[in-house]
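Trainee: All residue numbers for the sequence shown refer to the UniProt record's numbering, where the first residue is 1 and numbers rise by one. Note that CB positions come from ideal geometry on N, CA and C, so glycine has one too. From a predicted model like this one, the values you see are computed outputs, not experimental measurements. The structure is given below, and queries will be raised subsequently.
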Amino acid sequence: MSIFNQKSKFKVKTEVRTVRQAVAPKPKPKPQPSAATPSSTSGAKSRKNGLLSAPLSRASPKSVSPRASPRPTEASSSSGARKRRAVSSRSPASPSFSDSEDEDDDWEDSLDARKRMKRAHWAQQPRDPNRIVRHPKLWTGASGDETDIARLPIIHASRFASLEQKCQPVLGLVPNDVRVKLQYPGARHPERYELVWGKDKIDAVKDIMKVVNFVASTYLVDDEADFLVDQNTGICRRLEKSKNTNDGMVFKATLREYNERILSLQKKGTIAKNVDAMRGLPRDLVAFILDQVYDRTVAPNVELLAKYENGTDNVYGELLHPFISDILERTNAKSDQVFVDLGSGVGNVVIQAALEIGCESWGCEMMENACNLAEAQQKEFSARCRLWGIAPGKVRLERGDFRKNERILSALKRADVVLVNNQAFTSQLNDNLVNMFLDLKPGCKIVSLKTFVHDNKIAENDVATSILDVEHLTYPEEYVSWTSASGTYCISTRRG
1 MSIFNQKSKF KVKTEVRTVR QAVAPKPKPK PQPSAATPSS TSGAKSRKNG LLSAPLSRAS
61 PKSVSPRASP RPTEASSSSG ARKRRAVSSR SPASPSFSDS EDEDDDWEDS LDARKRMKRA
121 HWAQQPRDPN RIVRHPKLWT GASGDETDIA RLPIIHASRF ASLEQKCQPV LGLVPNDVRV
181 KLQYPGARHP ERYELVWGKD KIDAVKDIMK VVNFVASTYL VDDEADFLVD QNTGICRRLE
241 KSKNTNDGMV FKATLREYNE RILSLQKKGT IAKNVDAMRG LPRDLVAFIL DQVYDRTVAP
301 NVELLAKYEN GTDNVYGELL HPFISDILER TNAKSDQVFV DLGSGVGNVV IQAALEIGCE
361 SWGCEMMENA CNLAEAQQKE FSARCRLWGI APGKVRLERG DFRKNERILS ALKRADVVLV
421 NNQAFTSQLN DNLVNMFLDL KPGCKIVSLK TFVHDNKIAE NDVATSILDV EHLTYPEEYV
481 SWTSASGTYC ISTRRG
């Protein structure tokens, strides 16, 4: 659920192909256990990734990469316009629990349904045989190492959603009873929450339940997850029921049990074994982690992004997570490749590529406020990946004009995928970019909102025409921050 009152970017039509597997029903009427899979609309706010352009920070759509927007007036000139709208919808893979006693579905058939839902959860996961997902410091307890008890430098949810922040207790709790801790699958150090609610604040109850659901769907195999997803006695079921009955003490007791069980699985090496077997991450988990990072770094300071220079390349806009996921899939990005975002804003696209693909990921931005927020995101992203036990690709964020930054110019020579949101760029800056593309290696993919090859140019004098093969594509509605309408973009390939 977004903590801002704006339409979630995850509730959109995507062009990604989904895989459905039919399973023949088995005849034996028994109670139906439902799968516990997390919602693709992460409980955290649906973030917009801001991408200011490097030399002149450019406009960018909402995805994971902040860029300049064509018309950043009503939609992006004020911080309020950038706030997300709350959405309380679930993805088809989300768990659904019912108190009905009339369930007469076949129990074994329902088990199959749960497995199908889990397969659907993984259906959009990028599969890369060379990807190493496990974080090198994923805690197992096997060595008796106590260093993980030391506080990880995460920003706890209670910092922004607490009684001190004028939030109100939920679940019938009194102020003295709202503090809880949440265990993650990758580290021994828990996150602090307060079971409170406030407008435009992190919803602690939903955030906690989503983490538990992701652990069940992603980190544990079917039998291992039974204590979480069993329809009658599972922890997911009991958390949902205590929420619906407003029973905060039962919610807290159930959460303590979850924490103890996860620590036990860590010590046994169960979670490490399962993460070792992963070769990618489900998109909904990627989006949720990115939202957690954004909600604790950029969202509290989003008004800083309202400062832009209209009529220049220094315009703010964002590309949303689904758009970036589609781009990464279409360009066949892999963990052993290099991704470069020219005009990376607050760094959303850079860290998404590093997390979703595991690749070396570079970004360059020149707007000071965006650069500061990008660095805050990078720090929180690094710590939170350790909480989840996930090893992202290397993230490198640079400040300044990407036309002059030597590290970026060097990275471009090795790049496999380059993203540049040139929606609001001047023709001069676009021409400068084309000259930079001369140094790209053959086969490098360039993703842009506008083409660099124009019909009104003379082919023999047009550098872009001579070095780029262009594919024109359309993105669906709700893929960028400055408009809810669909639009066009290009993927250009550097010729050999």
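Note down the Cα distance separating Ile235 from Ile262, rounded to an integer number of angstroms.
Mentor: Within the sequence shown, numbered from 1, the residue matching residue 235 stands at position 235. Within the sequence shown, numbered from 1, the residue matching residue 262 stands at position 262. Ile235 and Ile262: Cα-Cα distance of roughly 12 angstroms.
Trainee: Count the other CB atoms, across all protein chains shown, that sit within 10 Å of the CB of Leu438; report buried if there are 16 or more and exposed otherwise.
Mentor: On the sequence shown, position 438 is the one that residue 438 refers to. It is exposed - the Cβ of Leu438 has fewer than 16 other Cβ atoms within 10 Å.
Trainee: Taking the C-alpha atoms as reference points, what is the distance between Pro476 and Thr488?
Mentor: Working through the sequence shown from its first residue, we reach residue 476 at position 476. Working through the sequence shown from its first residue, we reach residue 488 at position 488. Between Pro476 and Thr488, the C-alpha separation is close to 9 angstroms.
Trainee: Select from Asp431, Arg414 and Ser466 the residue whose C-alpha is nearest the C-alpha of Cys444.
Mentor: On the sequence shown, residue 444 is found 444 positions in, with the first residue counted as 1. The candidate whose alpha carbon is nearest that of Cys444 is Arg414.
Trainee: If Leu173 sits next to Gly248, beta carbons under 8 angstroms apart, how far is it from one beta carbon to the other, in whole angstroms?
Mentor: Within the sequence shown, residue 173 is the residue found at index 173, counting from 1. Within the sequence shown, residue 248 is the residue found at index 248, counting from 1. Contact flag correct, Cβ pair sits at about 4 angstroms.
Trainee: Around the C-beta of Asn422, are 16 or more other C-beta atoms found within 10 angstroms, so that it is buried, or is it exposed?
Mentor: The sequence position of residue 422 within the sequence shown is 422, counting from 1. Per the 10 Å Cβ criterion, buried.
Trainee: Enumerate in chain order the residues of its own chain whose CB-to-CB distance from residue 518 is below 8 angstroms, with the five nearest sequence positions on each side excluded.
Mentor: The shown model of the chain, from 1 to 496, leaves out residue 518, and the question about it has no answer.
Trainee: From which residue to which residue does the beta strand (DSSP E) around Trp362 run?
Mentor: Within the sequence shown, numbered from 1, the residue matching residue 362 stands at position 362. Start and end: Glu360 to Glu365.
Trainee: Taking the alpha carbon of Ala353 as the point to measure from, which residue in Asp295, Pro322 and Leu220 has its own alpha carbon closest?
Mentor: On the sequence shown, position 353 is the one that residue 353 refers to. Here the closest residue by C-alpha is Pro322.
Trainee: By alpha-carbon positions, which one of Asp222, Arg179 and Lys450 ends up nearest to Ile208?
Mentor: Locating residue 208 in the sequence shown gives position 208, counting from the first residue. The shortest C-alpha separation from Ile208 is found at Arg179.
Trainee: Please state the DSSP three-state secondary structure of Tyr489.
Mentor: Taking the first residue of the sequence shown as 1, we reach residue 489 at position 489. Strand, per DSSP.
Trainee: DSSP on Phe452, reduced to helix/strand/coil?
Mentor: In the sequence shown, the residue the question calls residue 452 occupies position 452. DSSP places Phe452 in coil when its eight states are reduced to three.
Trainee: When you compare only the Cα positions, how much space is there between Val293 and Asp462?
Mentor: Within the sequence shown, the letter at position 293 stands for residue 293. Within the sequence shown, the letter at position 462 stands for residue 462. Each residue's Cα considered, the two are about 42 angstroms apart.
Trainee: Taking Cβ to Cβ, would you say Lys394 is nearer than 9 angstroms to Glu356?
Mentor: Position 394 of the sequence shown holds residue 394. Position 356 of the sequence shown holds residue 356. In this structure, Glu356 does not lie closer than 9 angstroms to Lys394 by Cβ.
Trainee: Rounded to the nearest angstrom, how far is the Cβ of Val340 from that of Ala370, given a contact under 8 angstroms?
Mentor: Along the sequence shown, one-based indexing puts residue 340 at 340. Along the sequence shown, one-based indexing puts residue 370 at 370. The Cβ separation is near 17 angstroms, so there is no contact.
Trainee: Could you tell me whether the Cβ atoms of Val215 and Leu195 are closer together than 9 angstroms?
Mentor: Mapped onto the sequence shown, residue 215 falls at position 215. Mapped onto the sequence shown, residue 195 falls at position 195. Result no, Cβ atoms of Val215 and Leu195 do not sit closer than 9 angstroms.
Trainee: How many Å lie between Ala225 and Arg494 at the Cα?
Mentor: As a working note, residue 225 is residue 225 in the sequence shown. As a working note, residue 494 is residue 494 in the sequence shown. Approximately 47 angstroms between the Cα atoms of the pair.
Trainee: Only counting the same chain, and skipping five residues up and downstream in sequence, which positions put a Cβ closer than 7 angstroms to that of Ile154?
Mentor: Taking the sequence shown and counting its residues from 1, the one referred to as residue 154 is at position 154. Cβ within range, chain order: Glu191, Glu380, Ala383, Arg384 and Leu387.
Trainee: Starting from Glu194, trace the beta strand (DSSP E) in both directions and tell me its first and last residue.
Mentor: Stepping through the sequence shown from its first residue, residue 194 is reached at position 194. First-last of the beta strand (DSSP E) with Glu194: Glu191 to Glu194.
Trainee: Taking DSSP as the reference, what is the three-state secondary structure of Phe437?
Mentor: Here residue 437 refers to the residue found at position 437 of the sequence shown. It is helical.
Trainee: Mind checking which residues open and close the beta strand (DSSP E) that includes Gly317?
Mentor: By one-based count along the sequence shown, residue 317 stands at place 317. Here the beta strand (DSSP E) through Gly317 covers Gly317 to Leu320.
Trainee: Checking the sheet assignment: what are the DSSP bridge partners for Asp341?
Mentor: For the purposes of this step, residue 341 is taken as the residue at position 341 of the sequence shown. Answer is Gly363 and Leu419.
Trainee: Determine the direct distance from the alpha carbon of Val298 to that of Arg159, and round the result to whole angstroms.
Mentor: Translated into positions along the sequence shown, residue 159 becomes position 159. Translated into positions along the sequence shown, residue 298 becomes position 298. Between Arg159 and Val298, the C-alpha separation is close to 14 angstroms.
Trainee: Grouping DSSP H, G and I as helix and E and B as strand, with all else coil, what is Tyr184?
Mentor: In the sequence shown, counting from the first residue as 1, residue 184 sits at position 184. The answer is coil: DSSP assigns Tyr184 none of H, G, I, E or B.
Trainee: I need the boundaries of the alpha helix (DSSP H) containing Thr474, first residue and last residue.
Mentor: Stepping through the sequence shown from its first residue, residue 474 is reached at position 474. Looking at the DSSP string, Thr474 is not in any alpha helix (DSSP H); the run it does join, the beta strand (DSSP E), is Leu468 to Tyr475.
Trainee: Taking the straight line between their C-alpha atoms, what separation do you get for Thr140 and Tyr219?
Mentor: Position 140 of the sequence shown holds residue 140. Position 219 of the sequence shown holds residue 219. Each residue's alpha carbon lies about 14 angstroms from the other.
Trainee: Can you check DSSP and say which residues form a bridge with Ile446?
Mentor: Here the question's residue 446 lines up with position 446 in the sequence shown. Its beta-bridge partners are Val418 and Ser492.
Trainee: Enumerate in chain order the residues of its own chain whose CB-to-CB distance from Trp362 is below 6 angstroms, with the five nearest sequence positions on each side excluded.
Mentor: Translated into the one-based positions of the sequence shown, residue 362 becomes position 362. Apart from the 5 residues on each side of it in sequence, Trp362 sits with its Cβ closer than 6 angstroms to the Cβ of Val340, Arg396 and Ala411 in its chain, given in chain order.
Trainee: Helix, strand or coil for Val286? Go by DSSP, reduced to three states.
Mentor: On the sequence shown, residue 286 is found 286 positions in, with the first residue counted as 1. Three-state result, Val286: helix.
Trainee: Please name the residue, chosen from Lys450, Leu468, Val447 and Arg407, that lies closest to Asn435 on a Cα-to-Cα basis.
Mentor: Locating residue 435 in the sequence shown gives position 435, where the first residue counts as 1. Checking every option, the nearest Cα to that of Asn435 belongs to Leu468.
Trainee: Do you know offhand how far Arg283's Cα is from Arg127's?
Mentor: The residue given as residue 283 occupies position 283 in the sequence shown. The residue given as residue 127 occupies position 127 in the sequence shown. Looking at the two C-alpha atoms, the distance is approximately 12 angstroms.
Trainee: Given this structure, state the Cα-to-Cα distance separating Ser217 from Leu265, to the nearest angstrom.
Mentor: Locating residue 217 in the sequence shown gives position 217, where the first residue counts as 1. Locating residue 265 in the sequence shown gives position 265, where the first residue counts as 1. The straight-line gap from Cα to Cα measures roughly 15 angstroms.
Trainee: Rounded to whole angstroms, what is the Cα-Cα separation between Arg188 and Asn332?
Mentor: The residue labelled residue 188 in the question sits at position 188 within the sequence shown. The residue labelled residue 332 in the question sits at position 332 within the sequence shown. So the alpha carbons of these two residues sit roughly 35 angstroms apart.
Trainee: Just to confirm the assignment, what range does the alpha helix (DSSP H) spanning Glu356 have?
Mentor: Taking the sequence shown and counting its residues from 1, the one referred to as residue 356 is at position 356. Unbroken alpha helix (DSSP H) run through Glu356: Asn348 to Glu356.
Trainee: Just to confirm before moving on: does the CB-CB distance between Val275 and Pro136 stay below 9 angstroms?
Mentor: Looking up residue 275 in the sequence shown gives position 275. Looking up residue 136 in the sequence shown gives position 136. No. Outside cutoff.
Trainee: Who does Ile390 pair with in a DSSP beta bridge?
Mentor: Taking the sequence shown and counting its residues from 1, the one referred to as residue 390 is at position 390. The partner list for Ile390 (beta bridge, DSSP) reads Arg134.
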